[in-house]
Every structure is written in C-alpha cells, then in structure tokens.
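J.:
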Amino acid sequence: MRAIQVTEHGGPEVLRIATVEEPIETPGSIRLAVTSAGVNFADTMISRDQYVRPTELPYVPGTEVVGTDSTGRRMVGLTTTGGYAEFALVDASRSAAVPDGVTDAQALALVNQGLTAWHLVHTSARVLTGESVLVHAAAGGVGSIAVQLAHIAGAFVIASVSSDEKAVAAKDLGADATIDSALPKDELAAAILAANNGRPVDVVLDGTGGDAFSASLESLAPFGRLVHFGVSGGQMAPLVDPWSLTVGSRGVMGFYNRDAFELPGGFRSPLATMFEQTLSGTLRHLDSAPYALEDAGVAHADLLGRRTSGKVVIAVAP
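Residue numbers (full-length UniProt numbering): 1 to 318.
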C-alpha cells in the first residue's frame, strides 16, 4: 500500500512516500480503508524525536484517520502510528461511527483536537459562566474549537492569534477580543490585561509555551487556572517558582489528552455531543484545503510555519 514513511528523524523533508506492507487487524483494533488522515503539531514533534513518547524508526506517521471498516461502516479513530497510509489500524475503544452529514475533516477535527479542547475547557479548567478565558493559537485545530466551547460555556473569550485574518476568524467563532501573539512578553502581558478590560484573566489555555506561558502566568487572576498542553511556539515553558503561585492562589496544570480519554465517558460521550453540535451548526469548523498524501511534508511545513487554520487534513482516497 502507499504510505508516508519516516526512516530518519528530522523536519518535513523526512516525510517520503513509500510502498509498505498493509497492516493486519489484531484483537482490540479495527482495520480501516483510510479516506482522510489528520495532521497534528504532535506529528511534527514525533518526526523530530521531540515528543513525550519515543517512536522507533522506521514508522508511518499519523494518529487519527477516517475510513471504512470491513462492513463499509464509516468510522473515525485513533492509532498510535500509521495514519498517513491507505490502510490503518485504529484502537477499537478509541473509535466511533461518523454520523451522516459530518465530513471527514470535521470528524478528524473532533476526534483528537476537539476532544482535547473539550477536556481543556470542561475537565481541566472547569470554565464557569462569566469567567474570562484566554486561548492561545486560537485559529488552530484545538484553539478554534476551544474558543467556541468556552463561548458556549458563557465565558468572555480572548483569542491570541498571529495574523489579522486569523483574528477575524476567531471573532467569527465567538471570541470577544483578540490579541497579537507575536508581541514580546511584556507587551503581551499588557495586551492580555487590556483585552480583559484591565483585569487579570481567570483561565488560560496554553499550547504554545515560551513567552506566551510567562506572559499568561503574569496575567492570571487570583484562583485562576493556566492549563499547559503543548509547545507549538518551539520553546519550552519556563520553570515556575511555587511561591509565585501561592501569592494569588493561582494554579498551573499540565494536560495530556490520552489521560483524559481514559476517564469514564471521556471519549465517546463528548465526541457524540460535538457531532450533534456540528450537525446543528452550534459548533463550526474552519475550512482548509486538504493535502495529497505525497504532500504530507508540505502539510508539516505549513503547520510549523503557522500558515494553516483549523484542521489540517491529508486526503488519502477520493
């Protein structure tokens, strides 16, 4: 079968089209004929050997796919690796039927990044009506959904974005204010306060790290919560002095979506809710042209260069 294979660690250039053996279905897995595969920032970290879990070479990247099973049922599911291919094995317990009317791109947006956004808003941060929520990378896969979920929860939403175009998109999704994510740390902290009418923010959802993390922590209100879930900005979050949290009663927590998926009802229940919200139009998705399988490296380069919005998708089959 045709697949993208990584035989050495590196950037987008190491993603090459190849012919590999088709996967064989095993107990606990479902074999899908892949129509579309999702691309995540974590995929770029795995190829550079910078992710939380090491991956042995060679491997086929991709952790989420939409495809059909042996009965022709259309499904979306998660896999450890192997998504950028014509066939893939998904975890039976981390898969679900895709309702009619939900596109491949929408299903892929929800199964990983959407569930991440759901648990950031509802499980980790526990956003309350009337609170202020700052979402970094608000036009991205996780951010664009987190903005909407926080808005639906009744929060005042501040979107941190890297361009005027993305600011317009975030406002259209429900953000009440936007800030420029490219500002230096001191200016970014001031911009956060200004966007919240001069007040510190109650919740920060940070998948960026670096200066964004530092500025956000400075801008956090008493009993505020900063949830850190990634380093898409390329710089790790700095070490935090516990005393800086004690004064102000502020909290910093990490988030790893696979932990949330292990919670009772942590996978299929919120996914079903977001499918319903998508079908009703309550939850909207930023459109993005899909990439061909052989252009997976271009997809990674565009994602790293912040040239994408919403869900990045590889079209594997017509």
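Virtual Cβ for every residue (Gly too), placed ideally from N, Cα, C.
Kindly give me the distance between the Cβ atoms of Ile-17 and Leu-304, rounded to whole angstroms, as I take these residues to be in contact under 8 Å.
T.: Taking the first residue of the sequence shown as 1, we reach residue 17 at position 17. Taking the first residue of the sequence shown as 1, we reach residue 304 at position 304. At roughly 20 Å, the Cβ-Cβ gap does not stay under 8 Å, so Ile-17 and Leu-304 are not in contact.
J.: Could you please give the first and the last residue of the uninterrupted alpha helix (DSSP H) stretch that includes Glu-218?
T.: Within the sequence shown, the letter at position 218 stands for residue 218. Here the alpha helix (DSSP H) through Glu-218 covers 210-218.
J.: Using the Cα positions of Thr-81 and Thr-63, report the straight-line distance between them to the nearest angstrom.
T.: Start at 1 with the first residue of the sequence shown, and residue 81 comes out as number 81. Start at 1 with the first residue of the sequence shown, and residue 63 comes out as number 63. Each residue's Cα considered, the two are about 5 Å apart.
J.: Would DSSP call Arg-16 helix, strand or coil?
T.: Position 16 of the sequence shown holds residue 16. In the three-state reduction of the DSSP assignment, Arg-16 falls in the strand class, which pools E and B.
J.: Within the segment 86-172, note down every full beta strand (DSSP E) run reaching 3 residues or more, in order along the chain.
T.: 87-91, 95-97, 132-135, 156-161
J.: Roughly how many angstroms separate the alpha carbons of residue 337 and Thr-123, rounded to a whole number?
T.: Beyond the ends of the chain as shown, which are 1 and 318, falls residue 337; an answer cannot be given.
J.: Given that a residue counts as buried once 16 or more other Cβ atoms are within 10 Å of its Cβ, and exposed if not, what is Phe-275?
T.: Mapped onto the sequence shown, residue 275 falls at position 275. So Phe-275 counts as buried.
J.: Indicate whether the contact test is met: 3 or more Cβ pairs, each with one atom in the segment 217-224 and one in the segment 148-165, closer than 8 Å.
T.: Result no; under three Cβ-Cβ pairs closer than 8 Å.
J.: Could you tell me which residues DSSP puts in a beta bridge with Arg-225?
T.: Taking the sequence shown and counting its residues from 1, the one referred to as residue 225 is at position 225. When DSSP reads this structure, Arg-225 sits in a beta bridge with Val-203, Gly-251.
J.: Please classify His-285 as buried or exposed, where buried requires at least 16 other C-beta atoms within 10 Å of its C-beta.
T.: Within the sequence shown, numbered from 1, the residue matching residue 285 stands at position 285. His-285 comes out buried.
J.: If you follow the alpha helix (DSSP H) that Gln-277 is part of, which residue opens it and which one closes it?
T.: Reading the sequence shown from its first residue, position 277 is the one you call residue 277. Where Gln-277 is concerned, the enclosing alpha helix (DSSP H) stretches over 268-280.
J.: Which term fits Val-247, buried or exposed, when burial requires 16 or more other beta carbons within 10 angstroms of its beta carbon?
T.: Walking along the sequence shown from the start, residue 247 turns up at place 247. Exposed, since its Cβ has fewer than 16 Cβ neighbours within 10 Å.
J.: Give me, in chain order, the residues of the same chain whose beta-carbon lies closer than 6 Å to that of Val-111; leave out the 5 immediate sequence neighbours on both sides.
T.: Position 111 of the sequence shown, counted from the first residue, corresponds to residue 111. Excluding residues up to 5 positions away in sequence, Glu-64, Val-76 lie with their Cβ nearer than 6 Å to the Cβ of Val-111 in the same chain.
J.: Where does the unbroken alpha helix (DSSP H) through Ser-244 begin, and where does it stop?
T.: The count along the sequence shown starts at 1 and reaches residue 244 at position 244. Residues 242-246.
J.: Below 8 Å CB to CB, which residues in the same chain sit around Thr-68 once its five sequence neighbours on both sides are set aside?
T.: Locating residue 68 in the sequence shown gives position 68, counting from the first residue. Closer than 8 Å at the Cβ level, and outside the excluded window around Thr-68, lie Leu-32, Ala-33, Thr-35, Arg-74, Met-75.
J.: Measuring CB to CB, does Ile-30 end up less than 8 Å from Leu-89?
T.: Taking the first residue of the sequence shown as position 1, residue 30 is located at position 30. Taking the first residue of the sequence shown as position 1, residue 89 is located at position 89. A contact, by the Cβ cut-off of 8 Å.
J.: Report buried or exposed for Trp-118, applying the criterion of at least 16 other Cβ atoms within 10 angstroms of its Cβ.
T.: Numbered from its first residue, the sequence shown carries residue 118 at position 118. Here Trp-118 is buried: its Cβ has 16 or more other Cβ atoms, across all protein chains shown, within 10 Å.
J.: Please classify Met-1: does DSSP put it in a helix, a strand, or coil?
T.: Position 1 of the sequence shown, counted from the first residue, corresponds to residue 1. Of the three classes helix, strand and coil, the one that applies to Met-1 here is coil, per DSSP.
J.: On the CB-based measure, 16 or more other CB atoms within 10 Å of its CB, does Val-60 come out buried or exposed?
T.: Numbered from its first residue, the sequence shown carries residue 60 at position 60. By the 10 Å Cβ count, Val-60 comes out buried.
J.: Taking DSSP as the reference, what is the three-state secondary structure of Glu-187?
T.: Numbered from its first residue, the sequence shown carries residue 187 at position 187. In this structure, Glu-187 counts as helix in the three-state DSSP scheme.
J.: Measure the C-alpha to C-alpha separation of Ala-167 and Gly-210 and round it to an integer number of angstroms.
T.: As a first step, residue 167 is located in the sequence shown; it is residue number 167 there, counting from the start. As a first step, residue 210 is located in the sequence shown; it is residue number 210 there, counting from the start. Roughly 21 Å between the two C-alpha positions.
J.: When you compare only the Cα positions, how much space is there between Val-14 and Val-6?
T.: Within the sequence shown, the letter at position 14 stands for residue 14. Within the sequence shown, the letter at position 6 stands for residue 6. So the alpha carbons of these two residues sit roughly 6 Å apart.
J.: Which residue or residues does DSSP assign as beta-bridge partners of Gly-77?
T.: Position 77 of the sequence shown, counted from the first residue, corresponds to residue 77. Bridge partners of Gly-77: Val-65, Ser-95.
J.: Which two residues bound the contiguous alpha helix (DSSP H) that contains Arg-53?
T.: Start at 1 with the first residue of the sequence shown, and residue 53 comes out as number 53. No alpha helix (DSSP H) contains Arg-53, which DSSP labels as neither H nor E.
J.: Please identify the residue among Asp-186, Asp-164, Phe-156, Leu-188 whose C-alpha is closest to the C-alpha of Ala-177.
T.: Taking the first residue of the sequence shown as position 1, residue 177 is located at position 177. Nearest of Asp-186, Asp-164, Phe-156, Leu-188 to Ala-177, Cα basis: Phe-156.
J.: Among residues of its own chain, excluding the 5 on either side of Thr-19, which ones have a beta-carbon nearer than 8 Å to its beta-carbon?
T.: For this step, residue 19 is matched to residue 19 along the sequence shown. Same-chain partners within the cutoff: Met-1, Arg-2, Ala-3.
J.: Is Val-147 closer than 8 Å to Ala-138 when the C-beta atoms are compared?
T.: Here residue 138 corresponds to residue number 138 of the sequence shown, with the count starting at 1. Here residue 147 corresponds to residue number 147 of the sequence shown, with the count starting at 1. Yes, Cβ-Cβ distance for Ala-138 and Val-147 is below 8 Å.
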